[in-house]
Amino acid sequence: MFLGAFKFRDIISFYLLISYLRKKRAGNENLQNEYAVFARLFMQKLNMFSMYQDKPPKGMTKEEFETYKKYKQESKIMTTSDSLRNRLEIMLSEFARLNPMIIADRQRLHDVGQKRILFFRQQGICPECTKPLTFKTASAHHVIPHSAGGRTDDLDHAQLVHDKCHKIIEERLKKQSKIKMLHKKATVRCT
Numbered sequence: 650m651f652l653g654a655f656k657f658r659d660i661i662s663f664y665l666l667i668s669y670l671r672k673k674r675a676g677n678e679n680l681q682n683e684y685a686v687f688a689r690l691f692m693q694k695l696n697m698f699s700m701y702q703d704k705p706p707k708g709m710t711k712e713e714f715e716t717y718k719k720y721k722q723e724s725k726i727m728t729t730s731d732s733l734r735n736r737l738e739i740m741l742s743e744f745a746r747l748n749p750m751i752i753a754d755r756q757r758l759h760d761v762g763q764k765r766i767l768f769f770r771q772q773g774i775c776p777e778c779t780k781p782l783t784f785k786t787a788s789a790h791h792v793i794p795h796s797a798g799g800r801t802d803d804l805d806h807a808q809l810v811h812d813k814c815h816k817i818i819e820e821r822l823k824k825q826s827k828i829k830m831l832h833k834k835a836t837v838r839c840t
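If you use this note's numbering, the sequence shown corresponds to residues 650 to 840, in order.
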């Protein structure tokens, strides 16, 4: 049912959506699964009615009906730039409604000025090991991970640490993340 309902014009929209999400969205660890679930749901809802219907089908809100109907109308136009943009915007809003989205910060690394502010705020001491820092070799750490929407310009959530300490922090965060993921899987199985 799912693949039979898939049209060429939908492939373009889904390609644009995944390209946008990979480039702009923070925290894409589970994107493949979220995308697969979204695509199935989106296509199911899209194929619940004809674009010539005036009323939403059973199980669909009026707002959803209007959104999916607009998508169908834009699809009829096919490949004009306005149509592609409008369909992408519809898909993005639907994806964001179902999956919380944090847009990634474009600036990934702290500049020298930001590092200097962190260095003097910390009085030249590494918060991880409490030993003195050497400014030239120190590394800036996002306390809120970049992948979770941490911003580089938010110095309240940044630290200057030794490179070695930075690696220790990252390993600790990876272990905590794995434990959380295993806990989630175990919780899902138990319910």
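Backbone N, C-alpha and C define an ideal beta-carbon position, used for all residues, glycine too.
Helix, strand or coil at residue i according to DSSP, with G and I counted as helix
i	result
ILE828	helix
ARG800	coil
ASP754	Caution applies to ASP754, whose pLDDT of 49 falls short of 50 and renders its modelled position unreliable; the value that the coordinates give is listed next. It is coil, neither helix nor strand.
Classification of residue i by the beta-carbon crowding that lies within 10 angstroms, buried from 16 upward
i	result
LYS707	exposed
VAL792	exposed
ARG674	buried
PHE744	buried
PHE687	buried
MET650	Because the pLDDT at MET650 is just 40, under 50, the model does not fix this residue reliably, and the value given afterwards should be weighed accordingly. Label assigned to MET650: exposed.
PHE691	buried
GLU723	buried
TYR664	exposed
HIS806	exposed
Where the beta strand (DSSP E) through residue i begins and ends
i	result
VAL810	807 to 810
ALA745	Segment 730 to 747 is the alpha helix (DSSP H) holding ALA745; no beta strand (DSSP E) there.
Range of the contiguous alpha helix (DSSP H) that encloses residue i
i	result
MET788	Note that residue 788 corresponds to Ser in the displayed sequence, not to Met. Segment 788 to 791 is the beta strand (DSSP E) holding SER788; no alpha helix (DSSP H) there.
PHE769	761 to 770
GLN722	711 to 726
ARG689	680 to 695
ILE774	Segment: none, ILE774 is in no alpha helix (DSSP H) and carries neither H nor E.
TYR669	657 to 673
Residue-level contact to chain D via CB, residue i, 8 Å cutoff
i	result
ASN679	Checking the listed chains, one finds no chain D in this structure; it contains a single protein chain.
Closest residue to residue i among the options (Cα-Cα distance)
i	options	result
PHE698	THR728, ALA685 and GLU715	GLU715
GLN825	ASP802, LYS813, PRO794 and GLN808	PRO794
GLU678	ARG821, ASP802, HIS815 and MET750	MET750
MET700	VAL810, TYR669, ASN735 and LYS725	LYS725
ALA685	LEU767, ILE667, LEU695 and ARG770	ILE667
LEU782	LEU809, TYR669 and HIS759	LEU809
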